[in-house]
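Here's the structure, in structure tokens; my notes come after.
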Ligand SMILES: Nc1ncnc2c1ncn2[C@@H]1O[C@H](COP(=O)(O)OP(=O)(O)O)[C@@H](O)[C@H]1O
Ligand SMILES: [Mg+2]
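Residue numbers (our numbering), protein chains in the order written: chain Y, 3 to 254; chain R, 3 to 223.
Written out as structure tokens, the structure is:
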């Protein structure tokens with residue numbers, strides 16, 4: 003289980019996170035939503051330890067992450083997979099090498115075993131024939147799939163996704179969302195997703211946290227989103243007059 | 003994994019720079035030969051000195067220093083851009099998160115590749131410059147082939163070759179570490195990346211010339 007406790011992050015004078023505490027449901031999809039610039043990416047990077055908070059703690063199963071030494075950090079990282087906003091695939095490597103990369107670095111397996119595992123992962127994300135392609139030859143949606151395959155290749159317990167459907171058309175975005183949710187349930191992972199995409203909120207958020215200007219202002223399930231009377235949240239989700247009318251109709 | 007990456011970098015740095023190094027070296031030798039032949043004209047210094055001057059100029063100065071200044075522009079800006087892009091596109095974050103020691107994985111192969119390949123390029127540069135000097139003087143009739151060869155064999159000092167390799171190793175270290183540092187720690191967007199790449203070249207050039215001077219003072223004193 004992952005828990006953030008009173009996270010504060012300053013960049014110079016700018017206070018990006020102003021004391022955020024959050025608990026994430028194990029085996030579920032946890033969504034962090036908010037406008038761009040709200041501090042979602044910074045928060046996610048602190049959760050995985052890529053940035054250090056100015057103050058506050060991150061707990062992994064009651065272990066204080068930022069008190070660990072390098073070796074212990076590595077042990078936790080073997081349980082963490084992450085899909086980055088731009089997919090972060092290595093340009094000089096083919097798809098198969100990208101997905102195999104964590105195994106090449108850390109797994110005690112033969113090449114055949116590794117390739118078998120890569121095949122399985124690529125199959126799982128619905129990419130069968132792309133092994134020999136380079137990232138630049140793939141569409142944005144396919145790159146995300148490869149990113150997901152690479153994130154799950156070490157069978158992580160925790161999956162982090164930063165804006166998994168940014169830059170995708172709505173249909174592809176939905177497929178990626180569904181893929182992430184299926185994988186979360188199938189392998190009982192704890193998944194934490196940053197997004198500003200409302201479709202995702204409506205489709206896959208088991209637990210939704212709304213971050214506004216560096217503060218957590220609302221937390222609940224996707225069913226509660228619709229009926230919540232938190233004005234900041236409503237202002238964010240039902241941003242257009244069209245959506246406001248839709249909400250009014252739905253509530254009647 | 004590390005080995006494979008080192009091989010890739012060696013190919014990048016070594017093979018990738020071969021043509022430009024050959025090109026500048028041949029002209030460097032040719033220009034030196036023509037220039038000295040002009041300066042020696044009508045003096046008491048024998049013409050065969052041209053071979054001797056081209057050889058030592060190549061070994062002491064042009065092969066290590068000019069080659070490395072040019073490589074700082076080519077390889078150095080490349081390294082800064084490559085690492086800076088990896089930083090911006092979150093490749094470095096992705097590797098860190100997998101548990102990779104990125105400082106070692108990304109930097110060591112480049113450093114090893116450079117320190118192995120660049121002295122080789124410098125060696126090639128010295129030979130090509132000497133050939134360049136030959137091509138610029140012998141076919142034009144400024145000098146006979148025998149005279150040029152006689153010059154090449156005259157006053158040879160092995161310690162100049164040692165100095166060439168000391169320079170090559172030191173310079174290749176500079177022209178990789180400075181850009182790597184600039185790229186690895188780049189912050190911000192494309193403008194900063196461009197700046198980092200430019201700084202990488204400017205700083206390594208200054209450091210190369212500075213250490214060129216220091217090595218000259220230390221090894222010839
Ligand atoms: N490395 C950094 N240095 C300085 N400021 C940063 C850095 N990373 C993010 N910020 C600032 O923090 C704020 C929140 O950014 P971010 O977490 O990326 O927002 P988002 O919610 O869109 O993901 C922004 O104002 C951004 O400029
Ligand atoms: Mg973001």
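Glycine included, each C-beta is placed from N, C-alpha and C at the ideal position.
Residue of the options minimising C-alpha distance to residue i
i: residue 166 of chain R; options: R/115, R/147, R/218; result: R/218
i: residue 86 of chain R; options: R/185, R/215, R/6; result: R/185
i: residue 25 of chain Y; options: Y/210, Y/233, Y/95; result: Y/210
i: residue 3 of chain Y; options: Y/165, Y/63, Y/250, Y/104; result: Y/63
i: residue 25 of chain R; options: R/129, R/190, R/220, R/11; result: R/129
i: residue 153 of chain Y; options: Y/242, Y/189, Y/68, Y/236; result: Y/189
i: residue 161 of chain R; options: R/222, R/183, R/194; result: R/222
i: residue 139 of chain R; options: R/65, R/36, R/17; result: R/36
i: residue 63 of chain R; options: R/106, R/163, R/13; result: R/163
i: residue 40 of chain Y; options: Y/28, Y/58, Y/11, Y/61; result: Y/11
i: residue 14 of chain Y; options: Y/56, Y/6, Y/29; result: Y/56
i: residue 220 of chain R; options: R/55, R/168, R/173; result: R/168
i: residue 116 of chain Y; options: Y/253, Y/126, Y/98; result: Y/98
i: residue 159 of chain R; options: R/212, R/5, R/61, R/191; result: R/61
i: residue 223 of chain Y; options: Y/235, Y/245, Y/216; result: Y/235
i: residue 118 of chain R; options: R/94, R/174, R/144; result: R/174
i: residue 120 of chain Y; options: Y/157, Y/141, Y/140; result: Y/157
i: residue 106 of chain R; options: R/5, R/216, R/211; result: R/5
Whole-Å CB distance - residue i paired with residue j, under 8 Å assumed
i: residue 148 of chain Y; j: residue 89 of chain Y; result: 7 Å
i: residue 101 of chain Y; j: residue 151 of chain Y; result: 5 Å
i: residue 198 of chain R; j: residue 82 of chain R; result: 5 Å
i: residue 238 of chain Y; j: residue 194 of chain Y; result: Not quite, the Cβ-Cβ distance comes to about 19 Å (not below 8 Å), so this is no contact.
i: residue 89 of chain R; j: residue 188 of chain R; result: 5 Å
i: residue 34 of chain Y; j: residue 42 of chain Y; result: 5 Å
i: residue 224 of chain R; j: residue 15 of chain R; result: As shown, chain R starts at 3 and ends at 223. That puts residue 224 of chain R outside it, with no answer to give.
i: residue 69 of chain R; j: residue 123 of chain R; result: 6 Å
i: residue 94 of chain Y; j: residue 218 of chain Y; result: The Cβ separation is near 40 Å, so there is no contact.
i: residue 247 of chain Y; j: residue 228 of chain Y; result: Actually they do not touch by this definition, with Cβ atoms about 14 Å apart.
i: residue 57 of chain R; j: residue 209 of chain R; result: Not really, about 27 Å apart at Cβ, beyond 8 Å.
i: residue 124 of chain Y; j: residue 132 of chain Y; result: 7 Å
i: residue 178 of chain R; j: residue 113 of chain R; result: 5 Å
i: residue 176 of chain R; j: residue 206 of chain R; result: 5 Å
i: residue 213 of chain R; j: residue 180 of chain R; result: Their Cβ separation, rounded to whole angstroms, is 12 Å, which puts residue 213 of chain R and residue 180 of chain R out of contact at 8 Å.
i: residue 8 of chain Y; j: residue 58 of chain Y; result: 4 Å
i: residue 68 of chain Y; j: residue 77 of chain Y; result: Not a contact, Cβ separation roughly 15 Å.
i: residue 60 of chain Y; j: residue 6 of chain Y; result: 6 Å
Test item: CB-CB of residue i and residue j under 7 Å
i: residue 8 of chain R; j: residue 96 of chain R; result: no
i: residue 50 of chain Y; j: residue 108 of chain R; result: no
i: residue 31 of chain Y; j: residue 197 of chain Y; result: no
i: residue 136 of chain Y; j: residue 96 of chain Y; result: yes
i: residue 32 of chain R; j: residue 59 of chain R; result: no
i: residue 212 of chain Y; j: residue 192 of chain Y; result: no
i: residue 49 of chain R; j: residue 148 of chain R; result: no
i: residue 52 of chain R; j: residue 29 of chain R; result: no
i: residue 105 of chain Y; j: residue 145 of chain Y; result: no
i: residue 143 of chain Y; j: residue 170 of chain Y; result: yes
i: residue 87 of chain Y; j: residue 138 of chain Y; result: no
i: residue 205 of chain Y; j: residue 225 of chain Y; result: no
i: residue 170 of chain R; j: residue 132 of chain R; result: no
i: residue 164 of chain Y; j: residue 46 of chain Y; result: yes
i: residue 37 of chain Y; j: residue 101 of chain R; result: no
i: residue 166 of chain Y; j: residue 85 of chain Y; result: yes
i: residue 3 of chain R; j: residue 107 of chain Y; result: yes
i: residue 111 of chain R; j: residue 11 of chain R; result: yes
i: residue 144 of chain R; j: residue 54 of chain R; result: no
Identified DSSP bridge partners for residue i
i: residue 5 of chain Y; result: Y/25, Y/61
i: residue 31 of chain Y; result: Y/193
i: residue 255 of chain Y; result: Lying outside 3 to 254, the shown extent of chain Y, residue 255 of chain Y is not represented and no answer is given.
i: residue 161 of chain Y; result: Y/83, Y/193
i: residue 223 of chain R; result: Bridge partners of residue 223 of chain R: none, in fact.
i: residue 212 of chain Y; result: Y/35, Y/220
i: residue 231 of chain Y; result: Its beta-bridge partners do not exist; DSSP assigns none.
i: residue 66 of chain Y; result: Y/61
task: List in chain order: all unbroken beta strand (DSSP E) runs of 3+ residues lying wholly within the stretch 169 to 200 of chain Y.
output: 192 to 197
query: Counting only runs that start and end within the stretch 180 to 217 of chain R, where is the beta strand (DSSP E) found for 3 or more residues in a row?
result: none
message: What ranges does the alpha helix (DSSP H) occupy inside the stretch 19 to 95 of chain R, keeping only unbroken runs of at least 4 residues that lie completely in it?
response: 51 to 58, 69 to 73, 79 to 90
field: Whole alpha helix (DSSP H) elements within the stretch 128 to 177 of chain R, 4-residue minimum
entry: 147 to 155
- request: Scan the stretch 108 to 148 of chain Y and note each continuous beta strand (DSSP E) run of 3 residues or more that stays entirely inside, going in chain order.
  value: none
field: ligand 4 site residues, beta-carbon cut 7 Å against heavy atoms
entry: Ligand 4 is not part of the structure shown, which contains ligand 1 and ligand 2 as its ligands.
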